[in-house]
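S.K.:
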Amino acid sequence: MLTNARITQRRRFLRRQLIGAECLFVEPAWDMLLDLFIHQCEGRVLHLYPMCVASGIPMSSALRLAQKLCEAGILRRQPDTFDGRRSIMTIELEIMHRLSAYFAEGAE
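Set out below in structure tokens:
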């Protein structure tokens, strides 16, 4: 499952690198979810800023998108207890189960 998620992420990166025209191959919400899914599976924390960077879109747009994903019940944003300036991002449990099932089927 985790291997398939990593393969998917790598292929998406390669597609943008090899074909170019990055603006034509942008799925920022999926890129955010993919990066966050991999981090959670590995037991690593992902903060809001690096998750937004992974989206490949301007930071202001990525922040709005992250907020929409939280409002839709897909992501959860929690304050970082060690650094109040940062937010820890997590995928909601039901969505995590669905993504796990998706990646258990194979890579894109």
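This note's numbering puts the first residue of the sequence shown at 497, with every later residue one more than the last.
All C-beta atoms, glycine included, are put in the ideal place defined by N, C-alpha and C.
Computed from a predicted model, the values in this text were never measured in an experiment.
1) Measure the alpha-carbon distance for E588 versus H543 and round it to whole angstroms.
2) Name, in chain order, the residues that DSSP records as bridge partners for L571.
3) Return the residue from the list D576, A558, T499 that minimises the CA-CA distance to W526.
4) Please report the straight-line C-alpha distance between M555 and Q505, rounded to a whole angstrom.
5) Would you call F578 buried or exposed, if buried means 16 or more other Cβ atoms sit within 10 Å of its Cβ?
6) At 4 residues or longer, what runs of the alpha helix (DSSP H) sit wholly inside the segment 530-554?
M.R.: Looking at the atomic coordinates:
1) One C-alpha to the other measures close to 15 Å.
2) L571 pairs with I587.
3) Comparing Cα positions, the closest option is A558.
4) Their Cα atoms are separated by approximately 20 Å.
5) F578 should be labelled exposed.
6) Uninterrupted alpha helix (DSSP H) stretches at least 4 residues long and entirely within the segment 530-554 occur at 544-550, given in chain order.
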